[in-house]
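Peer 1:
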Amino acid sequence: MARLTLPAVLGVLLAVHTATSTKLVCHMTNWAQYRPASGKFTADNIDPFICTHVVYALATINNFNQLIPTEWNDEEQYKMLNSLRDINPALRTLLSVGGSVNGISPFIAMVSKPESRAVFIKSAISFLRKHNFDGLNLAWEFPGQMGSMPTDKAKFSELIAELDQAFLEEARDTRKTQLLLTANVAAFESTVTGAYDVPKIAPHLDFINVMTYDYHGHWESQTGHNSPLFSSNVDSGTHLQHNINSSISHWLSLGAPAEKLLLGFSTYGRTFRLSSSSSFLGAPADGAGDAGPYTRTAGFWSFYEVCSFINGATVEWIAEQEVPYATNSVVWAGYDNKQSFTAKVQWMNSRNLGGAHVWTLDMDDFSGSFCSEGRYPLVNHLRNAMGFPPKPTTTPRPTTTKDPLTSFCSGRPDGLYENVADKTTYLQCFNGITYLHRCQPGLIYYDSCKCCNWP
Ligand SMILES: *[C@@H]1O[C@H](CO)[C@@H](O)[C@H](O)[C@H]1NC(C)=O
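Numbering (mature numbering (1 follows the signal peptide of the UniProt record, and there is no 0)), first residue to last: -21 to -1, 1 to 434.
1) Which residues count as close to ligand 1 when the rule is a CB under 7 Å from any of its heavy atoms, in chain order?
2) Where DSSP assigns a beta bridge to residue 435, which residues make up the other side?
3) Taking the alpha-carbon positions, what's the Gln12 to Trp51 distance?
4) Locate the beta strand (DSSP E) running through Ala305, then write down its first and last residues.
5) I'd like to know whether the C-beta atoms of Asn224 and Phe244 end up nearer to each other than 7 Å.
6) Starting from the Cα of Pro178, find the closest Cα among Thr276, Trp230, Val80 and Tyr405 and give me that residue.
7) Among Gly18, Thr1 and Lys2, which residue has its Cα nearest to the Cα of Thr8?
8) What span of residues does the alpha helix (DSSP H) with Gly173 cover, start to end?
9) According to DSSP, what are the bridge partners of His6?
10) So within the stretch 278 to 326, which uninterrupted alpha helix (DSSP H) runs reach at least 4 residues, ignoring any that extend past its ends?
11) Let's test the definition: count the other Cβ atoms within 10 Å of the Cβ of Trp119 and tell me whether it reaches 16, buried, or not, exposed.
12) Given this structure, state the Cα-to-Cα distance separating Thr156 from Arg64, to the nearest angstrom.
13) On a CA-only basis, which of Thr39, Ala36 and Ala22 is nearest Glu55? Give me that one, please.
14) When we look at the beta-carbon of residue 506 and count the other beta-carbons within 10 Å, is it buried (16 or more) or exposed?
15) Taking the alpha-carbon positions, what's the Tyr314 to Glu94 distance?
16) Contact defined as beta carbons within less than 8 Å: I believe His336 pairs with Asn188. What is the distance between those atoms, to the nearest angstrom?
17) Would the stretch 275 to 292 count as touching the stretch 246 to 260 if we require 3 or more Cβ pairs under 8 Å?
18) Determine contact between the stretch 361 to 369 and the stretch 35 to 42, defined as no fewer than three beta-carbon pairs at a distance below 8 Å.
19) Taking 8 Å as the limit between beta carbons, can you name the residues of its chain near Arg14, skipping five residues before and five after?
20) By the three-class DSSP mapping on this structure, what secondary structure does Ala162 have?
21) Any idea what DSSP makes of Phe146, helix, strand or coil?
22) Are Ala267 and His183 close, meaning C-beta to C-beta below 7 Å?
23) Can you say whether Arg417 is buried or exposed, counting buried as having 16 or more other CB atoms within 10 angstroms of its CB?
24) Tell me whether the beta-carbon of residue 477 lies closer than 7 Å to the beta-carbon of Leu115.
25) Between which two residues does the beta strand (DSSP E) holding Phe244 run?
26) At what residues does the beta strand (DSSP E) containing Phe186 begin and finish?
27) Taking just the CA atoms, how far does Leu260 sit from Gly203?
28) Taking all protein chains shown into account, do 16 or more other C-beta atoms lie within 10 angstroms of the C-beta of Val4, making it buried, or fewer, making it exposed?
29) Nearest-angstrom Cα distance between Tyr57 and Gly347?
30) Grab the span of the beta strand (DSSP E) containing Ser75 for me, first residue to last.
31) Closest by CA to His110, which one among Ala305, Met59, Thr153 and Gly126?
32) Is the separation between the beta-carbon of Leu160 and that of Asp185 shorter than 7 Å?
33) Within the same chain, show all residues whose beta-carbon is closer than 6 Å to that of residue 443, passing over the 5 residues directly before and after it, in chain order.
34) Helix or strand or just coil, what does DSSP make of Gly18?
See the structure below:
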């Protein structure tokens, strides 16, 4: 952000006088394409007007310290994403770099020496320009953790300062608009302390996405909410800090400028298996709720999977934390809905934060086929709550249709079944509902192993 041009100065003045929450930054993931049937998401499912920025997760760093894609079709999806700007020229796109190999972040080796950082920076600029992105998002989870040494905190600061300088010089030399530089950062105080020198990194970043979710989950022995706004009466000790208000207050106290901090909004919930007849906040739990049929991860449901669950469940509101949960006596799910998004936007505005970031577009009901509230009910609501003007009307894209074989599973036990009509796909029955899955390209389904394999 080392821009010293007149438009930048005017921009700052303007920002003081207008609403502060001006950014709505939405993440998409390149693994959402592997979700079955109506859960399958690719960049062409994005509404070009829904967010101000879209962040494509995830790219990584190879052994030669170069920025590289992670999926076989990333380049195709980069094209889909970046062509959305033909429809909405104001949209900005960023590529997120992070992940881990065998639990080790590729940032660790890359930041270790000035030479390896220089290789990365050079490769990042040419990769971003080649694929037409507007910027880079650093998603290192986290400096100082998971095999990273405490000294990596200073190395991360150096990387960020060097990237900023290189982006500035590249823009000057090529007369292009300077690439944006952003980071996804931790919310927990103890992690933040070990990972970031806030006064050193904040001046160089265009915005900072605080990951204000994953506060509670099935790894704990009592129910707790994924993304509460405030602490609750069942919190004690460090758990008193496991909420949005504490995390953002901490970032502000470390000197982060409010207008650069973006509040994280989750389009997913976290679930627990209840271990007694109690189902309130803080009730005993002994594990994760079952995996959802689309996200296929125990203890974790996308918003559209929550939508299916709450039909037969009791929905409660945690007044002191301003978030909902749903329970059916066996499962407890803490998630976000329109009401909690509104509460968070009001709080965000009261702190004059720069806006919101969403994890992720692909876990909202992007097709509108699950929740009967139209496409992207949560993110559209967030837009409205933040006071964005109505979107221009565009011709609606065809929404994903429900699976044709809807009655296949009625009366059948849960499990996987052959699809005789198309062996590159197979059927899953879950609670009487039929889901169509597709094998990876080149593979077909074998009922003998209940798996996809080479023909
Ligand atoms: C929000 O956080 C601040 C700073 O930690 C604290 O003083 C305040 O009591 C919190 N507000 C609520 C409602 O918990």
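Idealized CB from N, CA, C, for every residue including glycine.
Peer 2: Straight from the coordinates:
1) Residues with a Cβ closer than 7 Å to any heavy atom of ligand 1, in chain order: Phe209, Ser210, Asn224, Ser225 and Ser228.
2) It is not possible to answer for residue 435, since the shown part of the chain is limited to -21 through 434.
3) As a working note, residue 12 is residue 33 in the sequence shown. As a working note, residue 51 is residue 72 in the sequence shown. The alpha-carbon atoms of Gln12 and Trp51 are separated by roughly 12 Å.
4) Translated into positions along the sequence shown, residue 305 becomes position 326. Note, Ala305: beta strand (DSSP E), Val302 to Thr306.
5) Locating residue 224 in the sequence shown gives position 245, where the first residue counts as 1. Locating residue 244 in the sequence shown gives position 265, where the first residue counts as 1. No Cβ-Cβ contact shorter than 7 Å links Asn224 with Phe244.
6) Here residue 178 is taken as the residue at index 199 of the sequence shown, counted from 1. The residue among Thr276, Trp230, Val80 and Tyr405 with its C-alpha nearest the C-alpha of Pro178 is Trp230.
7) The residue labelled residue 8 in the question sits at position 29 within the sequence shown. With distances taken between CA atoms, Thr8 lies nearest to Gly18 out of Gly18, Thr1 and Lys2.
8) Here residue 173 refers to the residue found at position 194 of the sequence shown. Note, Gly173: alpha helix (DSSP H), Glu168 to Ala174.
9) Taking the sequence shown and counting its residues from 1, one reaches residue 6 at position 27. Beta-bridge pairing links His6 to Val34.
10) For the stretch 278 to 326, whole alpha helix (DSSP H) runs of length 4 or above, ordered along the chain, are 282 to 289.
11) For the purposes of this step, residue 119 is taken as residue 140 along the sequence shown, with counting starting at 1. So Trp119 ends up on the buried side.
12) By 1-based counting over the sequence shown, the position of residue 156 is 177. By 1-based counting over the sequence shown, the position of residue 64 is 85. When rounded, the distance between both Cα atoms is 15 Å.
13) On the sequence shown, position 76 is the one that residue 55 refers to. Among Thr39, Ala36 and Ala22, the Cα nearest to that of Glu55 belongs to Ala22.
14) What the structure shows of the chain is the stretch from -21 to 434, and residue 506 is not part of that stretch, so it cannot be assessed.
15) Translated into positions along the sequence shown, residue 314 becomes position 335. Translated into positions along the sequence shown, residue 94 becomes position 115. Distance between the alpha carbons of Tyr314 and Glu94: 44 Å.
16) The residue you call residue 336 lines up with position 357 of the sequence shown. The residue you call residue 188 lines up with position 209 of the sequence shown. Correct: roughly 4 Å between the Cβ atoms.
17) In this structure the stretch 275 to 292 touches the stretch 246 to 260; the number of beta carbon pairs closer than 8 Å is three or more.
18) Touching, no, given that fewer than three Cβ pairs across the two stretches are closer than 8 Å.
19) To locate residue 14, count along the sequence shown from 1; it is residue 35. Apart from the 5 residues on each side of it in sequence, Arg14 sits with its Cβ closer than 8 Å to the Cβ of Phe20, Tyr273, Thr274, Arg275 and Asp341 in its chain, given in chain order.
20) Start at 1 with the first residue of the sequence shown, and residue 162 comes out as number 183. It is a strand residue.
21) As a working mapping, residue 146 is identified with position 167 in the sequence shown. Looking at Phe146 - three-state DSSP - the assignment turns out to be helix.
22) Translated into positions along the sequence shown, residue 267 becomes position 288. Translated into positions along the sequence shown, residue 183 becomes position 204. Their beta carbons are not under 7 Å apart, which means Ala267 does not touch His183 by this criterion.
23) Position 438 of the sequence shown holds residue 417. Counting C-beta atoms within 10 angstroms of its own C-beta, Arg417 has 16 or more neighbours from the protein chains shown and is therefore classed as buried.
24) Since the first residue of the chain shown is -21 and the last is 434, residue 477 is not available in this structure.
25) For the purposes of this step, residue 244 is taken as the residue at position 265 of the sequence shown. Residues Leu240 to Ser245.
26) On the sequence shown, position 207 is the one that residue 186 refers to. Taken as a continuous stretch (DSSP letters only), the beta strand (DSSP E) holding Phe186 covers Phe186 to Val189.
27) By one-based count along the sequence shown, residue 203 stands at place 224. By one-based count along the sequence shown, residue 260 stands at place 281. About 6 Å.
28) For the purposes of this step, residue 4 is taken as residue 25 along the sequence shown, with counting starting at 1. Buried, by the Cβ-count rule.
29) For the purposes of this step, residue 57 is taken as the residue at position 78 of the sequence shown. For the purposes of this step, residue 347 is taken as the residue at position 368 of the sequence shown. Between Tyr57 and Gly347, the C-alpha separation is close to 24 Å.
30) Start at 1 with the first residue of the sequence shown, and residue 75 comes out as number 96. Judged by DSSP secondary structure, Ser75 falls within the beta strand (DSSP E) whose first and last residues are Arg71 to Gly77.
31) As a working note, residue 110 is residue 131 in the sequence shown. Checked all of Ala305, Met59, Thr153 and Gly126; the closest Cα to His110 is Met59.
32) Taking the first residue of the sequence shown as 1, we reach residue 160 at position 181. Taking the first residue of the sequence shown as 1, we reach residue 185 at position 206. In terms of Cβ geometry, Leu160 and Asp185 form a close pair [threshold 7 Å].
33) Here the chain comprises residues numbered -21 to 434, so residue 443 is not present and cannot be evaluated.
34) The residue you call residue 18 lines up with position 39 of the sequence shown. Residue state, collapsed to three classes: helix.
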